[in-house]
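Under the numbering used here, read the sequence shown as residues 3 to 144, first letter to last.
Below is one structure, written out as structure tokens; comments come after it.
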Amino acid sequence: MKKVMRWRYYCEFCKKSGGSRYHIENHEKHCTMNPNRVCGMCGRCGDLDELIAILPSADQCREARTLDEIVESPESCTEIAINKIMPQLRTAADDCPACILATLRQAKTILIDIYVPAISSFNFTEECKEWWKDHDVDRHDY
3 MKKVMRWRYY
13 CEFCKKSGGS
23 RYHIENHEKH
33 CTMNPNRVCG
43 MCGRCGDLDE
53 LIAILPSADQ
63 CREARTLDEI
73 VESPESCTEI
83 AINKIMPQLR
93 TAADDCPACI
103 LATLRQAKTI
113 LIDIYVPAIS
123 SFNFTEECKE
133 WWKDHDVDRH
143 DY
């Protein structure tokens, strides 16, 4: 019988783990839960306080929903408030999907409980495809 012990590495900000120290260290630099991340898409550095400040507080979320909206839509008041504020957040984040996702994920721990997939005006996968289409032209122009 052969018995082998292997190191396992874990991101300090999220639940990601792996067997490669290099890959997890690289992930930590760009992790959307890292408050001092470096964006892997747009290169934005530092904390996201200015973007998080744009998001509504829990009180603003409760006020965002009128009686008509409650009857028409089963969305939570948080989702309605976030969807209303998304154009402003997009402008402040220079329309970078990774920065928007990081803002929403980090705000969850600070301000309000946000279920990111429920935000109808933000689809991370599709927006990444569009962003790379617009920004990849420079890299393949030879």
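Yeah, the Cβ is synthetic: ideal placement off N, Cα and C, and Gly gets one too.
Taken through DSSP and simplified to helix, strand or coil, V6 comes out as coil. The beta-bridge partner set that DSSP reports for Y12 consists of S19. The alpha-carbon separation between Y11 and K17 amounts to approximately 10 Å. No Cβ-Cβ contact shorter than 8 Å links M43 with A94. Each residue's CA atom was taken as its position, placing C98 and T105 some 11 Å apart.
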